[in-house]
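Heads up: the sequence lines are chains V and F, in that order. Read left to right, the first sequence gives residues 0 to 415 (numbering that gives the first Met the number 0). Read left to right, the second sequence gives residues 0 to 415 (numbering that gives the first Met the number 0). All C-beta atoms, glycine included, are put in the ideal place defined by N, C-alpha and C.
2 protein chains.
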Amino acid sequence: MARLVMKFGGTSVADIDRIRNVAHHVKREVDAGHEVAVVVSAMSGKTNELVGWCKAAAPLHDAREYDAVVASGEQVTSGLLAITLEGIGVNARSWQGWQLPILTSNAHGSARILDVNGTELIKRFKERKEVAVVSGFQGIHKDTGRITTLGRGGSDTSAVAVAAAIHADRCDIYTDVDGVYTTDPRVVPRARRLDKIAFEEMLELASLGAKVLQVRSVELGMVHKVRIFVRSSFDKPEDIDPHGNPPGTLICDEEDIVEQQVVTGIAFSKDEAQISVRHVPDKPGVAAAIFGPLADASINVDMIVQNVSADNATTDLTFTVPAADYQRSVGVLNKAKGTIGFDHLDGSTDVAKVSVIGIGMRSHAGVAAQAFAALAKRNINIRAITTSEIKFSVLIDAEYTELAVRTLHSLYGLDK
Amino acid sequence: MARLVMKFGGTSVADIDRIRNVAHHVKREVDAGHEVAVVVSAMSGKTNELVGWCKAAAPLHDAREYDAVVASGEQVTSGLLAITLEGIGVNARSWQGWQLPILTSNAHGSARILDVNGTELIKRFKERKEVAVVSGFQGIHKDTGRITTLGRGGSDTSAVAVAAAIHADRCDIYTDVDGVYTTDPRVVPRARRLDKIAFEEMLELASLGAKVLQVRSVELGMVHKVRIFVRSSFDKPEDIDPHGNPPGTLICDEEDIVEQQVVTGIAFSKDEAQISVRHVPDKPGVAAAIFGPLADASINVDMIVQNVSADNATTDLTFTVPAADYQRSVGVLNKAKGTIGFDHLDGSTDVAKVSVIGIGMRSHAGVAAQAFAALAKRNINIRAITTSEIKFSVLIDAEYTELAVRTLHSLYGLDK
């Protein structure tokens with residue numbers, strides 16, 4: 000007997016038929032003798048509809064009211080799943096964020112979970128063999144008692160937080176893909192599904208644009224050591240292996256992965272823009288003069304490269320911002336031109352960031368150097384490079400994205 | 000300065016444009032210096048959609064889960080209206096049933112309001128000039144903490160209960176008609192809107208099928224002396240009289256109505272079925288033998304007429320049941336034939352009940368007799384009669400309904 004959290008996203012609960020499919024997944028685990036808490040998202044399309052109404056009601060809406068409106072989507076799904084479960088003979092009840100409660104910060108629209116009370120759920124597992132159906136994506140602010148939401152993908156975080164609170168053996172994330180891949184299979188058909196991936200690698204992958212899990216949920220899993228299993232809601236009997244294991248990816252501690260690859264995955268993002276500030280004085284304080292005003296404008300600067308100046312007097316500074324913030328960034332910099340003292344700006348939104356991730360990099364030198372050589376051989380120009388302990392990223396022309404991803408995928412032996 | 004509750008039904012908040020219209024109604028009252036609590040229903044169609052999903056999920060659904068699902072409709076509207084109000088500069092916040100709280104019984108699906116806490120609303124009227132936007136139709140069970148709903152039309156009851164809790168000067172019910180009429184204007188074009196109607200009369204009208212207000216809301220208004228004003232959400236400037244009063248009907252204490260008519264209104268219902276039990280033994284206990292089994296089957300018996308028996312041995316008993324329960328009633332009676340000892344049953348679903356209501360009947364004799372004469376003159380056969388202190392009802396063939404209503408409407412001087 001194990002204690003499980005099962006999380007189902009919007010496409011998995013899109014209509015009553017799919018909710019029925021979810022109920023059968025739950026019944027299977029209950030019949031196997033497990034204690035189960037289910038976390039559900041809103042039916043797909045519903046959150047967008049609710050958000051659309053909020054925007055139509057007033058362009059600048061109160062985030063607390065926005066949260067009250069959009070949280071209703073998960074409330075509907077949790078009630079419907081409880082009804083469906085009872086209809087097939089499984090004892091169940093729904094729990095809204097405020098009922099458990101799931102206490103959060105008051106950052107409405109992107110609140111952080113502070114505490115989940117799992118006592119009542121555990122009691123009901125024991126006394127009534129009752130499945131808990133918890134509304135994902137939502138909580139209640141601990142002081143004001145108002146409904147909060149956790150931001151897009153927040154139900155993943157709800158699931159991991161509930162798993163931590165009830166000391167679950169595993170948190171199963173049922174989604175419309177059957178696991179985490181070495182890279183996007185739409186770009187690289189030879190991408191492989193990973194059996195296991197370490198929390199830190201998954202954190203990088205999620206941060207770099209792999210949309211499988213909300214970043215915060217992986218952080219929470221890492222901190223509370225919640226094993227997260229990503230699998231498909233729609234797998235068929237023939238997908239199950241002879242030992243009864245469905246396809247999927249386990250996100251776990253580094254130590255639980257016996258054969259660690261040097262490189263685990265390749266991520267990429269085209270939502271980047273590059274800005275180069277030309278001929279700035281090469282003296283202390285210039286970086287602050289550039290990045291201070293951008294930070295004040297809440298613009299997230301990512302890769303930063305400063306060339307060594309040739310004349311010892313001026314230098315060039317290149318960095319990336321989200322493509323959506325490109326025009327605004329240029330405006331902010333031009334306004335600060337007097338303080339910064341640059342000659343001119345140039346930039347491009349036609350760039351992409353390709354990242355190579357692997358815990359093995361820690362103990363293997365020269366991993367990045369191989370990539371630079373392979374890309375050069377393909378005539379792909381690298382505009383900027385950043386590295387960290389377990390990943391490195393290169394900024395390239397957007398048109399080379401797919402070629403670069405495929406090249407690196409082969410280079411590091413990730414092809415199946 | 001007054002303190003007002005304003006209630007808006009589903010058609011009044013059907014989309015964002017209509018919610019904006021509602022917001023302007025609220026702003027008008029706020030600008031006039033009033034303290035305002037708004038009670039809203041779900042956007043029209045939403046409750047039906049949610050109910051449909053519950054039924055599709057499982058035919059016999061847990062009423063507690065059903066309530067969690069359907070209560071989400073009002074949650075959406077309250078948040079959207081709060082956003083819209085803030086968008087036009089009116090301080091506002093939404094309140095769900097569990098937040099105020101609105102405590103109810105645990106009769107999920109048709110719960111009764113037990114208590115509404117208005118303290119926080121009054122405090123915020125004073126300290127922040129904040130409009131309270133309260134989700135109608137819902138509450139929370141006082142012990143279990145689960146969401147309850149009040150049944151169809153429950154938002155009317157929410158509005159009156161909130162009005163009682165905050166000691167409102169008036170509860171304005173905005174709806175898609177502009178008041179309470181002497182009878183259904185679709186049947187009698189000369190029906191007049193009533194300026195005022197007494198609680199007791201309104202209670203009879205609502206119970207007899209006039210769909211303007213939920214019966215329970217009128218009861219609550221009567222008990223707590225909440226003046227209820229029924230008016231249209233869609234009235235135009237030219238509808239307002241020179242004193243600034245919009246068209247509508249005030250439901251108030253009998254004493255507040257200076258010129259009380261003998262008859263106030265005519266109600267009718269075609270959802271009736273008549274059953275006659277022929278040749279039952281005319282002895283004590285026979286009524287119990289008939290109506291006991293029907294009550295056990297939760298069938299609501301309405302009009303009952305027992306003829307005086309001619310032979311002192313057997314008699315005929317005629318009564319009405321809801322048309323939907325007709326077949327079931329016949330089944331129940333046939334099953335109990337041995338105990339009751341009747342000869343045979345006959346009946347019809349092709350009947351209608353026409354009711355005449357007026358507090359003035361208390362002090363005026365012969366009101367019903369005039370009706371019997373007028374109907375006889377039109378060759379309308381009366382199958383059964385019941386009377387109470389302030390109303391009487393006749394059961395007639397359904398095909399004569401409109402003629403009977405028009406005849407009585409003229410007879411009592413209700414035509415405009």
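Are the C-beta atoms of residue i and some chain V residue less than 8 Å apart?
i, result
"residue 10 of chain F", "no"
"residue 200 of chain F", "no"
"residue 258 of chain F", "no"
"residue 83 of chain F", "yes"
"residue 93 of chain F", "yes"
"residue 68 of chain F", "yes"
"residue 56 of chain F", "yes"
"residue 74 of chain F", "yes"
"residue 117 of chain F", "no"
"residue 49 of chain F", "yes"
"residue 71 of chain F", "yes"
"residue 108 of chain F", "no"
"residue 468 of chain F", "Residue 468 of chain F lies beyond the residue range present for chain F, which begins at 0 and ends at 415; the question has no answer from this structure."
"residue 153 of chain F", "no"
Can you tell me whether residue i is buried or exposed? The criterion is at least 16 other CB atoms within 10 Å of its CB, across all chains shown.
i, result
"residue 350 of chain V", "buried"
"residue 370 of chain V", "buried"
"residue 242 of chain F", "exposed"
"residue 324 of chain F", "buried"
"residue 326 of chain V", "exposed"
"residue 319 of chain V", "buried"
"residue 113 of chain F", "exposed"
"residue 408 of chain V", "buried"
"residue 262 of chain F", "buried"
Return no unless some Cβ of chain F is closer than 8 Å to the Cβ of residue i.
i, result
"residue 60 of chain V", "yes"
"residue 64 of chain V", "yes"
"residue 98 of chain V", "yes"
"residue 40 of chain V", "no"
"residue 78 of chain V", "yes"
"residue 102 of chain V", "no"
"residue 18 of chain V", "yes"
"residue 43 of chain V", "no"
"residue 121 of chain V", "no"
"residue 170 of chain V", "no"
To which residues does DSSP link residue i through a beta bridge?
i, result
"residue 94 of chain F", "F/133"
"residue 326 of chain V", "Partner(s): none; residue 326 of chain V has no beta bridge."
"residue 350 of chain F", "F/271 and F/396"
"residue 138 of chain F", "F/147"
"residue 344 of chain F", "F/276"
"residue 231 of chain V", "V/174"
"residue 384 of chain F", "F/393"
"residue 115 of chain F", "F/101"
"residue 3 of chain V", "V/35 and V/169"
"residue 180 of chain F", "F/192"
"residue 317 of chain V", "V/275 and V/304"
"residue 251 of chain V", "V/197"
"residue 265 of chain V", "V/355"
Can you check whether the CB of residue j is closer than 8 Å to the CB of residue i?
i, j, result
"residue 94 of chain F", "residue 131 of chain F", "yes"
"residue 139 of chain F", "residue 158 of chain F", "no"
"residue 346 of chain F", "residue 298 of chain F", "no"
"residue 170 of chain F", "residue 6 of chain F", "yes"
"residue 174 of chain F", "residue 211 of chain F", "yes"
"residue 292 of chain F", "residue 313 of chain F", "no"
"residue 133 of chain F", "residue 38 of chain F", "yes"
"residue 181 of chain V", "residue 413 of chain V", "yes"
"residue 68 of chain F", "residue 49 of chain F", "yes"
"residue 196 of chain V", "residue 179 of chain V", "yes"
"residue 356 of chain F", "residue 204 of chain F", "yes"
"residue 225 of chain F", "residue 163 of chain F", "yes"
"residue 102 of chain V", "residue 141 of chain V", "yes"
Check the C-beta distance from residue i over to residue j and give it rounded, since I have them as a contact under 8 Å.
i, j, result
"residue 3 of chain V", "residue 168 of chain V", "7 Å"
"residue 341 of chain V", "residue 277 of chain V", "6 Å"
"residue 353 of chain V", "residue 387 of chain V", "Residue 353 of chain V to residue 387 of chain V, Cβ: 15 Å. No contact."
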